[in-house]
Amino acid sequence: MAKFMDVHSGFVGVTEEQLREAHERDLAIEDAEGVHFERAWLDPDSGKVFCLSSGPSKEAVLRVHEKAGHPTTEIYELPIEVE
1 MAKFMDVHSG FVGVTEEQLR EAHERDLAIE DAEGVHFERA WLDPDSGKVF CLSSGPSKEA
61 VLRVHEKAGH PTTEIYELPI EVE
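Counting from 1, one number per residue, gives the positions in the sequence shown under UniProt numbering.
Here's what the structure looks like:
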């Protein structure tokens, strides 16, 4: 499975609880697309949310986000990883 990082804008002032709720909406429907959302991060001052996921394609990740109500067009495949 490929890994992806996507970026959402417009989340200024969002709380940790609101981020958790949005992430849970993704988790509730991710299986339909064969995607798994691993983690989400929020910078409430800039309104940016970053989501790490794995799945079969960028398009599958985008479909889950669209169905969950927070679409994005900014998504990056992460083919290289170091630890």
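Beta carbons are placed, not taken as given, at the ideal position from N, Cα and C, and that holds for glycine.
Note that this is a predicted model, so its numbers are computed, not measured.
Counted as a single uninterrupted DSSP element, the stretch harbouring residue 78 is not any beta strand (DSSP E), since DSSP gives it neither H nor E. Taking each of 39, 44, 35, 83 in turn and checking the Cα distance to residue 23, the smallest one comes out for 39. Exposure of residue 46 is indicated by the presence of fewer than 16 other C-beta atoms within 10 angstroms of its C-beta.
Taken in chain order, the complete beta strand (DSSP E) segments of 3 residues or longer contained in the region 10-74 are 36-43, 48-55. When the five nearest sequence neighbours on each side are left out, the beta carbons in the same chain lying within less than 7 Å of the beta carbon of residue 14 are those of 42, 44, in order along the chain.
The bridge partners DSSP lists for residue 5 are 52, 76.
Spanning the alpha carbons of residue 63 and residue 71 requires a straight line of approximately 8 Å.
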